[in-house]
Structures are given as C-alpha cells and as structure tokens.
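Reading through the structure tokens given below for one structure.
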Amino acid sequence: MNSHTKQKKKKQSSIFKKNLQGYLIPLIISSLIYTVVMIMGSEGLVVNLVLKSLDQTLQANLTVAANEIDTAFVSDAEEGDQQAYQRLLTQLNELKRQTNVENIYVLGKSGNDGHIIALSDTEENGSDYSFTKEMDRALAGETVVSDIYEDEFGVHKSIFMPVDGADAIIGLDMDASFINELNQQIIYIAIGLFLIVLILGSLFAYWMSKRISKPIVALAKYVEPLADGDFTKESLKVTSNDEIGALTTNVNTMVTELKGLIGQVSINSEQVAATSQQLYSSTEQTSSSISMINESIQEVATATNDQTSTIETISTEVENISHHLEDMKNRMKEVTTASSDTATISEKGSDVIGKAVKQMHTIHENVSESADVIQYLNESSNQINEIVSLITNIAGQTNLLALNASIEAARAGEHGKGFSVVAEEVRKLAEESASAANQISEKIIFIQEQSIKAVDSMSKGYEAVQKGITTVDEAGISFESIRKSVHNVANQIAVMETKIIDINNNGMRIATSLDNLTESSSEFSGHAQNVSAASEEQTAVMEEMVIATNTLTKMAVTLQEVVNKFKL
C-alpha cells in the first residue's frame with residue numbers, strides 16, 4: 048500500500064473521530080457546566096432555604112430558651128451554688144427535649160478563661176472551654192449564629208446570646224450533618240445525571256458520527272482506487288437525500304464522465320500515436336525524396352553546364368565548317384569559271400589544243416585541290432557527326448535525369464509539384480536538343496553522302512584529266528571525248544556548288560540552333576540552380592518537420608503510457 052493510500056485511510060479514520068469529538072466535547076462541556084450550575088444552585092437552595100430555615104429554628108429555640116431559663120440560676124450556678132446548678136440543668140434538659148436540639152448549654156468567662164456553667168444531659172460544671180469568636184461576640188452583647196462546623200462530636204450549627212446580668216452566654220447546637228448529607232446527595236445526583244447524560248450523549252454521538260461518517264468513509268474508499276487509476280468499480284448507491292447524498296451523486300456523475308473522457312483520450316492518444324508515426328515515416332520519406340530530387344537536380348545542372356560547354360564547342364566547330372564551306376564555294380566558282388573557259392576553248396578546236404593541255408594541268412591542280420577540300424569536308428562531317436552523337440547522348444542523359452526528377456517529385460506529392468514542372472521543362476529541352484541533334488546528324492549524313500559522290504566525281508575527273516594529259520597528242524581523235532568530259536565536269540561542279548551552298552546554309556542554321564540551345568541551356572542551368580537552392584531549403588524544412596513529428600510521436604507515446612495507467 049502506497050503512502051497516498053495510507054494518507055487516505057488516516058483521513059477516513061479522522062473524520063469519525065473529529066465528528067465524534069464535535070459531539071462529545073460540547074456535550075461534556077455543557078454537562079459539566081450543567082452539573083456545576085446544578086450543584087451551585089442546589090447549594091444556593093440549601094443556603095437560602097434549609098440553612099435559613101435552620102437559622103430561624105435556632106432563633107426560635109433560643110427565644111424559648113431565653114424565656115425559660117432563669118438568669119438568677121445562671122449567676123448562682125456560676126458562683127458554685129449546686130442547687131441553682133441543678134435547677135439550671137433541669138431547665139436545660141427540659142428545653143432540649145422541647146426544642147429537639149442537639150445540645151443546650153450556658154458558658155461563662157472569667158478574664159480570658161472560658162468554662163462550662165451547665166450542659167444538658169451532662170454533669171459538667173466548671174469545666175474549661177475555649178471560646179470561639181462567635182462566643183466572644185455573643186458575650187459582648189450580640190446574638191450570633193455560627194456557620195456549620197465539624198468537631199469530634201459531629202457536624203453542628205450553633206446560636207449564642209448573652210445572659211443579662213452575668214458574664215455568660217446561652218448556646219444551642221443543632222445537628223447539621225443532614226445538610227452535608229444533602230449536599231453530598233445533590234453532588235451524587237448531579238454526577239449521576241452527568242454520567243447518564245454523558246453516556247447517553249456519547250452513544251448518540253457515536254451513532255450519529257457513525258451515520259454521518261459511514262457514507263463519507265464509503266465515498267473515500269470508493270475514490271481511493273480512482274486516485275490509482277482504477278475505474279472498474281461500480282457506482283456508489285445513494286442512501287440519503289442530504290448533502291452527502293448529493294455529493295455521492297455528483298461523484299458518481301464525475302466518475303462516469305471521467306471514464307468516458309479517459310476512454311476517449313485513450314482512443315485519441317492511440318490515433319495520435321499512429322498518425323504521428325505515419326507522419327514521421329512520410330516526413331522521413333519525403334525528406335529522403337527531396338534529397339534525391341536535390342541530388343538529381345544538381346546532376347542535371349552539372350550535366351547542363353557540360354552540355355552548354357559541349358554545345359559551345361560544337362558551335363565553334365560549325366562556324367569553322369561554315370568558313371571552310373564558304374572557301375570551298377568560292378573555289379567551286381573558280382572551278383566553274385575554269386570549266387566554262389575549258390568548254391569554250393574545246394569548241395575552238397585544235398588551234399587551242401596547246402592551251403588545252405595547259406588548261407588540263409590547271410584542271411588537274413584544281414581537281415586535286417577540290418579533292419583535298421572534299422576530303423577535308425568529309426573528315427569535318429565525321430567530326431560533326433561525333434559531336435552530334437555526343438549531343439544526342441547528353442540529351443538522352445538529360446531526359447533520363449528529368450524523368451527521374453519527375454518520378455521523385457511525384458513521390459513527394461504536393462511538395463514536389465514545383466520540381467515536377469521544372470523536370471518537365473528539362474525533359475522538353477532535352478527532347479528538343481535530341482531532335483535538333485538528329486536533324487544535324489541527318490544533314491551531316493547527307494553531306495557525307497554528297498561528299499562521297501563528289502569524291503567519286505573528282506576521282507573520275509582526276510582520271511579523265513590524267514587520260515587527257517597522256518592522250519593530248521591524240522587530241523584530234525579524242526577531242527570530242529575531252530569536250531564531253533569537260534562538260535560533265537562542269538555539270539558535276541555546278542551540282543557540287545549547289546550542294547556546297549546548301550551545306551553552308553544548313554551549317555548557318557545549325558550554328559543558329561546551337562546558339563539558341565546554348566542560351567536555353569544557360570537559362571535551364573540558372574533554373575536548376577534556383578531549384579537546387581529551393582530544394583535545399585525544403586530539405587531543411589523537412590528535417591525540422593522530422594524532428595517535430597518525432598517529438599509528437601514521443602509525446603503521443605508518453606500520453607498513451609499515462610492513459611494506460613487507468614483501468615476502465
């Protein structure tokens with residue numbers, strides 16, 4: 048049993064004691080006061096009635112004695128006259144029988160010595176006797192009534208009066224023991240009444256205290272397990288309509304409401320614990336997802352920066368190709384002019400055959416240079432194709448990163464909507480980059496095919512020029528064939544010039560697209576940096592939410608532990 052329960056039991060026992068004391072103390076005090084008042088009142092009655100009546104009786108008897116006693120006998124008896132003494136004694140004995148007093152006597156005093164002159168029913172004469180103050184006062188001329196006094200012969204009350212013509216007094220004693228007995232009886236009766244009242248009052252106080260404290264003790268015992276969290280007991284029965292009954296009813300109502308409240312708190316605490324745990328898990332998952340999104344966005348930003356650098360490099364290469372194509376176009380114009388001149392010369396005939404030989408050498412050189420240029424163009428096309436493949440790979444990686452970012456943003460729910468939009472824009476840019484790269488790749492492939500054709504054509508022209516040089520001496524015979532070959536060369540050169548112009552135009556468009564792509568990549572890189580910063584802030588917020596949800600979970604667990612202490 049804990050100290051709390053001991054304190055409760057101590058309080059329960061003290062209620063009965065205090066209640067009993069509340070009845071007994073006033074009862075004892077009032078009974079004592081009543082007893083004292085009764086005794087004092089009875090003594091007052093004795094003094095005012097009995098003693099007064101006794102005094103009156105003494106006065107009456109003394110008057111009778113004074114009238115009956117012959118003062119001459121007193122004087123003579125004091126002087127030693129035995130006959131006077133006997134007559135005086137006879138009068139005293141007769142008065143004793145008449146008045147029914149205890150003693151009647153005559154006392155005398157010579158100087159300071161007192162003596163008995165005559166005492167009823169005795170033969171004492173001349174015996175010494177000590178005077179009291181009352182006797183001295185009577186000897187001085189007063190009639191004095193003494194207080195009740197006790198000596199070896201009993202309890203008495205006396206009256207004294209002087210004897211005229213002699214230094215003597217007459218005294219009467221009456222038995223006053225009945226007064227003490229009466230006072231004792233009064234005291235015994237008062238004490239008996241006090242004890243009876245005290246016993247009956249104690250029994251009544253015990254019964255009333257038990258009656259009052261019993262429901263309070265029962266209520267305290269009922270409330271005691273409630274303090275320890277045990278609400279399994281049934282409600283108390285209300286046995287009275289007084290304040291204690293109202294208190295019991297209110298306690299029953301309170302316990303019922305507390306049981307409902309604690310039950311609801313228990314249910315709510317379980318729900319809060321489960322919800323907080325789910326929230327904690329979701330917050331951790333969201334924080335992890337945001338961290339992954341942040342890492343993905345940083346990777347996208349890094350890849351975008353790399354893509355921008357690569358695109359800038361490709362743009363530079365495309366500009367170089369454009370310059371080369373411009374040079375090639377100019378040279379092709381020269382070749383076209385030369386071809387036209389050759390055709391004109393071939394029309395003039397054999398008179399210009401010598402010039403034709405020289406022109407064939409010129410054609411040989413130009414064709415050789417053209418072959419070199421076309422070969423260089425083919426190599427540049429291969430380099431551009433590699434760069435385009437790199438762009439395509441970067442665009443594919445960017446598209447994959449954007450797809451991953453979209454997936455992580457979708458996992459984040461409402462918190463990842465912003466990332467989802469940015470990831471979608473990144474994906475679109477990646478798809479546009481891939482599309483542009485594919486277009487470039489198609490153009491490069493087309494240029495390569497045309498370059499191959501040009502190389503083949505130049506090879507044929509080169510072989511034709513070789514044959515023309517070796518067979519120039521046979522110009523007359525093969526002049527017509529040379530003229531046709533020259534025309535074919537001119538036609539091929541015209542076609543190549545057209546292709547080169549197209550290639551140059553496509554190169555310019557590629558350069559413009561690359562510039563736009565560079566700007567888009569730079570802008571996307573800036574957005575990616577902003578998104579990365581925002582995601583870092585969101586990560587910090589989610590970490591705080593993780594801490595808060597963890598604290599909430601601990602509080603919910605603590606609440607459950609507290610609620611589980613109650614038994615419903």
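Numbering-wise, the sequence shown is residues 48 to 615 according to the working numbering.
Each residue gets a CB set at the ideal place from its N, CA and C atoms; glycine is no exception.
(request) State the DSSP-derived secondary structure class of A603, mapped to helix, strand or coil. (result) helix
(message) Taking a contact to mean a Cβ-Cβ separation below 7 angstroms, would you say N172 touches T146 in this structure?
(response) no
(request) With a floor of 3 residues, list each beta strand (DSSP E) that falls wholly inside the region 130 to 187, ordered by position along the chain. (result) 150 to 157 and 160 to 166
(request) Using three-state DSSP, classify D275 as helix, strand or coil. (result) coil
(message) When you compare the CB positions of M208 and A185, do they come within less than 7 angstroms of one another, or not?
(response) yes
(message) With distance defined between alpha-carbon atoms, name the residue in D277, T279, N297 and F278 nearest to V285.
(response) The option with the nearest alpha carbon to V285 is N297.
(request) State yes or no: is the C-beta of S122 within less than 7 angstroms of the C-beta of A213? (result) In this structure, A213 lies closer than 7 angstroms to S122 by Cβ.
(message) DSSP three-state label for F241, please.
(response) Of the three classes helix, strand and coil, the one that applies to F241 here is helix, per DSSP.
(request) Sort P262, I116, R474 and E510 by Cα distance to F63 and report the nearest one. (result) P262
(message) Cutting at 6 angstroms between CB atoms, please list the residues of its own chain near G292, excluding the five before and the five after it.
(response) V285
(message) So for L308, helix, strand or coil by DSSP?
(response) DSSP places L308 in helix when its eight states are reduced to three.
(message) For the alpha helix (DSSP H) containing S122, name the first residue and the last one.
(response) T118 to E126
(request) Can you tell me which of the three DSSP states G573 falls into? (result) helix
(request) Can you say whether T600 is buried or exposed, counting buried as having 16 or more other CB atoms within 10 angstroms of its CB? (result) buried
(request) Would you give the residue range spanned by the beta strand (DSSP E) that D214 belongs to? (result) Neither: D214 is in no beta strand (DSSP E) and is coded neither H nor E.
(message) Tell me the rounded alpha-carbon separation between G239 and L92.
(response) 19 angstroms
(request) With DSSP as the reference, label I206 as helix, strand or coil. (result) strand
(request) Could you pull the start and end residues of the alpha helix (DSSP H) that D198 belongs to? (result) Element bounds for D198: not the alpha helix (DSSP H) but the beta strand (DSSP E), Y196 to D198.
(message) Using a Cβ distance threshold of 8 angstroms, determine whether the region 474 to 493 contacts the region 431 to 450, with at least three qualifying pairs required.
(response) By the Cβ criterion, the region 474 to 493 is in contact with the region 431 to 450, since at least three pairs of Cβ atoms, one from each stretch, lie closer than 8 angstroms.
(request) Between the Cα of V192 and those of E583, D198 and M182, spot the shortest distance and give me the residue it belongs to. (result) M182
(request) Return the residue from the list I233, I492, V244 and T384 that minimises the CA-CA distance to L79. (result) V244
(message) Within 10 Å of its beta-carbon, does N274 have 16 or more other beta-carbons around it, so buried, or fewer, so exposed?
(response) Here residue 274 is Ala; the residue named in the question, Asn, does not match the sequence. With fewer than 16 other Cβ atoms within 10 Å, it is exposed.
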